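To start, the structure itself, in structure tokens.
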């Protein structure tokens with residue numbers, strides 16, 4: 419992400435500082451979950467859900483560059499949607515940055531619609547939501 423956002427390699431300590439600024443330790447039971455996608459022995463991507471009251475926040479969606487364009491993002495979305503449905507959640511929300519054009523296109527293709535801001539943060543430029551139904555459980 420540092421390469422994408424700053425157009426350079428991460429400096430020593432920069433990744434640790436970013437993780438401290440935006441921790442993910444709540445992406446474990448009972449407050450959330452983190453799914454990992456593998457392609458063979460390679461870690462291909464990840465996606466997390468944070469449980470809220472009646473909805474879930476999709477976060478930490480990432481597919482490694484060498485695995486993009488092969489359906490990994492769609493598979494991760496389908497998996498988090500199944501997990502949310504299983505947990506009884508009726509909608510998923512997310513925020514994303516303006517420069518993540520491909521991510522916004524992925525969300526739109528899979529039924530996420532842009533909504534008014536529900537959160538604030540330095541990397542929140544667009545907000546999306548998808549209403550989950552039994553029919554959407556397998557993802558579009």
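In our numbering, the protein residues as written are 419 to 558.
Just so you know, even glycine gets a beta-carbon here, dropped at the ideal spot from N, CA and C.
Note that the coordinates shown come from a computational prediction; the quantities given were computed from them, not determined experimentally.
With a 10 Å radius around the Cβ and a threshold of 16 neighbouring Cβ atoms, residue 461 comes out exposed. For residue 481, the enclosing beta strand (DSSP E) has its first and last residue at 474 to 481.
For residue 499, the enclosing alpha helix (DSSP H) covers residues 490 to 504. C-alpha of residue 496 to C-alpha of residue 431: approximately 34 Å in a straight line. Cα atoms of residue 532 and residue 544: separation of roughly 7 Å, rounded to the nearest angstrom. As computed with DSSP, residue 511 is found in a beta bridge with 475 and 547. Residue 457 sits in a strand when the DSSP states are folded into three classes. Residue 494 and residue 453 do touch by the CB rule: their CB atoms are close to 6 Å apart, below 8 Å.
For residue 520, the enclosing alpha helix (DSSP H) stretches over residues 519 to 527. With distances taken between CA atoms, residue 509 lies nearest to 476 out of 537, 450 and 476.
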